[in-house]
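There are 2 protein chains.
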Amino acid sequence: MDFSSAQRLDDGVVERPFTLGEIPGFLWTPPPSRTGPAPLILAGHPGDLNRMYPRLLARARHAAAVGFATATIELPGAGVRPRSAVAEQARADLRRAVTAGEPVSDEVVDRLVLPLVEAAVPEWRAALDALLAVPGIGGPVGYSGGVISIGVRLAAVEPRIAAAVLFAGSYVPASIVEEARRVTIPLLVLLQWDDESNDRQMALDLFDALGPAEKTLHANMGGHTGVPAHEGDAANRFFSRHLMTGGAR
Amino acid sequence: MDFSSAQRLDDGVVERPFTLGEIPGFLWTPPPSRTGPAPLILAGHPGDLNRMYPRLLARARHAAAVGFATATIELPGAGVRPRSAVAEQARADLRRAVTAGEPVSDEVVDRLVLPLVEAAVPEWRAALDALLAVPGIGGPVGYSGGVISIGVRLAAVEPRIAAAVLFAGSYVPASIVEEARRVTIPLLVLLQWDDESNDRQMALDLFDALGPAEKTLHANMGGHTGVPAHEGDAANRFFSRHLMTGGAR
Numbered sequence: 524m525d526f527s528s529a530q531r532l533d534d535g536v537v538e539r540p541f542t543l544g545e546i547p548g549f550l551w552t553p554p555p556s557r558t559g560p561a562p563l564i565l566a567g568h569p570g571d572l573n574r575m576y577p578r579l580l581a582r583a584r585h586a587a588a589v590g591f592a593t594a595t596i597e598l599p600g601a602g603v604r605p606r607s608a609v610a611e612q613a614r615a616d617l618r619r620a621v622t623a624g625e626p627v628s629d630e631v632v633d634r635l636v637l638p639l640v641e642a643a644v645p646e647w648r649a650a651l652d653a654l655l656a657v658p659g660i661g662g663p664v665g666y667s668g669g670v671i672s673i674g675v676r677l678a679a680v681e682p683r684i685a686a687a688v689l690f691a692g693s694y695v696p697a698s699i700v701e702e703a704r705r706v707t708i709p710l711l712v713l714l715q716w717d718d719e720s721n722d723r724q725m726a727l728d729l730f731d732a733l734g735p736a737e738k739t740l741h742a743n744m745g746g747h748t749g750v751p752a753h754e755g756d757a758a759n760r761f762f763s764r765h766l767m768t769g770g771a772r
Numbered sequence: 524m525d526f527s528s529a530q531r532l533d534d535g536v537v538e539r540p541f542t543l544g545e546i547p548g549f550l551w552t553p554p555p556s557r558t559g560p561a562p563l564i565l566a567g568h569p570g571d572l573n574r575m576y577p578r579l580l581a582r583a584r585h586a587a588a589v590g591f592a593t594a595t596i597e598l599p600g601a602g603v604r605p606r607s608a609v610a611e612q613a614r615a616d617l618r619r620a621v622t623a624g625e626p627v628s629d630e631v632v633d634r635l636v637l638p639l640v641e642a643a644v645p646e647w648r649a650a651l652d653a654l655l656a657v658p659g660i661g662g663p664v665g666y667s668g669g670v671i672s673i674g675v676r677l678a679a680v681e682p683r684i685a686a687a688v689l690f691a692g693s694y695v696p697a698s699i700v701e702e703a704r705r706v707t708i709p710l711l712v713l714l715q716w717d718d719e720s721n722d723r724q725m726a727l728d729l730f731d732a733l734g735p736a737e738k739t740l741h742a743n744m745g746g747h748t749g750v751p752a753h754e755g756d757a758a759n760r761f762f763s764r765h766l767m768t769g770g771a772r
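Protein chains in written order, with the working numbering: chain C, 524 to 772; chain R, 524 to 772.
Put into structure tokens, the structure is as follows:
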């Protein structure tokens, strides 16, 4: 993990762009604390760090205010990374079905999402190895964001992830719904009730399938990017309950 | 409104049983504050104050910790109040259908719930008149609890109620679902995902019908009485945002 620079922002958060092999990423750390290393939150997103940067930075600053470090990496096939011909074809097939008002077939969903999950999850785990070796960064670790299929897979297979906030999304392969049943860590699922790009019933069915005894759904009005500010506070409290030993609820 | 006694509890909350005509009730007030009168929360419940007392007291203490007064009154036909022959017959018909595994007809739901709403809502509004005249109690007012049909009607017709936390329930008459569309105050709806006595889809449909631009659904695992403690904190924050001018989020 190569850090090219470090920049202290006006609220004391330090931003460090990095590369992990060919994969670009960011690490944001809160001002140093006397209570030991900062627990880490991996910030999921739908791809293209340049486009997502303002929202990822806002989430990182919000989490830093209660002592969390945040890190993210670019997704395979997105931003500056090489495109995948298979994924581009699947995306075109999906767009064609949606434009024609046809149902999106399970085959297209599998072809779009499963290779992304297969490629991305080992990268996030490798990033986790490197991030936990950075001085001042500690565990336990949380995952927060979309793509929900990546979040479900990470929650199911990565034992260092102790809690997750999952942003509801459609186009979840049936095999990922089956994996969801095996998740046991505490989950908070955020659903935008009027999300133009998501299927509400599919999101509720996935919530129902998720395995843990402690799972909570927060549904709010509005579209895909309209998550209200109080949900940022709710995510902080959720992670504080589960990642900070003896921390405030 | 006649107060029979006042008792200071160990956390400084003052409990005052009262009667409003023939209707018994309770008022719980937080320790006096220098910031003026305590905003009032009306605590809804399914009836029978004796049975509900421990849970109502726990909710009142939790709300008092952030400065809210809480009041409740007995429902028509419950606890020490005279039974209604119509309601008892409707309840028996409902129980018979549920025991036989038959669907509960709209006609039985209307016969059970509509007279209760018609009788209870004017009583809660009269209680509100009397409570807001008690020194140290102020507006704006919140409603928190079930019966959800009573909460919807109050939220739709009582202008002094500025925000409500509604506990999801089944057996909501179609005419109440129509009234829900006219509600404009901010709402937080709590749904127990595995509630043995509620129909989940009916609860989601009612949430969808509710009118306000700001409405949030919190769904948690577990049965009817298993609402997790962190939802008490969430309700406090929701009411603090909407009832306390310049209050903390």
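Cβ coordinates follow ideal geometry from the N, Cα and C atoms, glycine included.
These numbers were taken from a predicted model, which means no experiment stands behind them.
Anticipated Cβ contact below 8 Å, residue i with residue j, distance rounded
i: L651 (chain R); j: R683 (chain R); result: 6 Å
i: W716 (chain C); j: A742 (chain C); result: 5 Å
i: L563 (chain R); j: A592 (chain R); result: 5 Å
i: A643 (chain R); j: G665 (chain R); result: Not quite, the Cβ-Cβ distance comes to about 17 Å (not below 8 Å), so this is no contact.
i: G661 (chain R); j: A561 (chain R); result: 7 Å
i: V750 (chain R); j: Y694 (chain R); result: Going by Cβ atoms, the distance from V750 (chain R) to Y694 (chain R) rounds to 19 Å, so no, they are not a contact pair.
i: H747 (chain C); j: D718 (chain C); result: 5 Å
i: A736 (chain R); j: M575 (chain C); result: Going by Cβ atoms, the distance from A736 (chain R) to M575 (chain C) rounds to 27 Å, so no, they are not a contact pair.
i: F690 (chain C); j: G659 (chain C); result: About 27 Å separates the two Cβ atoms, so there is no contact after all.
Backbone secondary structure at residue i - three-state DSSP
i: R704 (chain R); result: coil
i: L532 (chain R); result: coil
i: R760 (chain C); result: helix
i: P645 (chain C); result: helix
i: L655 (chain R); result: coil
i: D525 (chain R); result: strand
i: F690 (chain C); result: strand
i: D752 (chain C); result: The sequence given here has Ala at residue 752 (chain C), not Asp. In the structure shown, A752 (chain C) sits in coil (DSSP, three-state: anything other than H, G, I, E or B).
i: M767 (chain R); result: coil
i: S556 (chain C); result: coil
i: R772 (chain R); result: Because the pLDDT of R772 (chain R) is 35, which lies under 50, any placement of that residue in the model is unreliable, and the question is left without a value.
Limits of the alpha helix (DSSP H) - the one that residue i falls within
i: V680 (chain R); result: I671 to V680
Short Cβ contact (8 Å threshold) for residue i with residue j
i: L766 (chain C); j: L740 (chain C); result: no
i: G674 (chain R); j: G567 (chain R); result: yes
i: A587 (chain R); j: P553 (chain R); result: yes
i: Y546 (chain C); j: E646 (chain C); result: The amino acid at residue 546 (chain C) is misidentified as Tyr; the sequence shows Ile. Cβ atoms of I546 (chain C) and E646 (chain C): closer than 8 Å.
i: S672 (chain C); j: I708 (chain C); result: no
i: D790 (chain R); j: A697 (chain R); result: The structure shown does not extend to residue 790 (chain R), since chain R spans only 524 to 772, so no value can be given for it.
i: A613 (chain C); j: L635 (chain C); result: yes
i: P775 (chain R); j: A594 (chain R); result: Outside the displayed range of chain R (524 to 772) lies residue 775 (chain R), so it cannot be described from this structure.
i: V706 (chain R); j: A679 (chain R); result: yes
i: S556 (chain C); j: G602 (chain C); result: no
i: L532 (chain C); j: R539 (chain C); result: no
i: L729 (chain C); j: A758 (chain C); result: no
First and last residue of the uninterrupted beta strand (DSSP E) at residue i
i: Y666 (chain C); result: I660 to G668
i: E538 (chain C); result: V537 to L543
i: T552 (chain R); result: I546 to T552
If you scan the region 564-641 of chain R from start to end, which runs of the beta strand (DSSP E) of 3 or more residues do you find wholly inside it? Taking only runs of at least 3 residues, the beta strand (DSSP E) segments lying wholly in the region 564-641 of chain R are 592-596.
Runs of 3 residues minimum, wholly inside the region 705-746 of chain C: which ones carry the beta strand (DSSP E) assignment? 710-715 and 738-743
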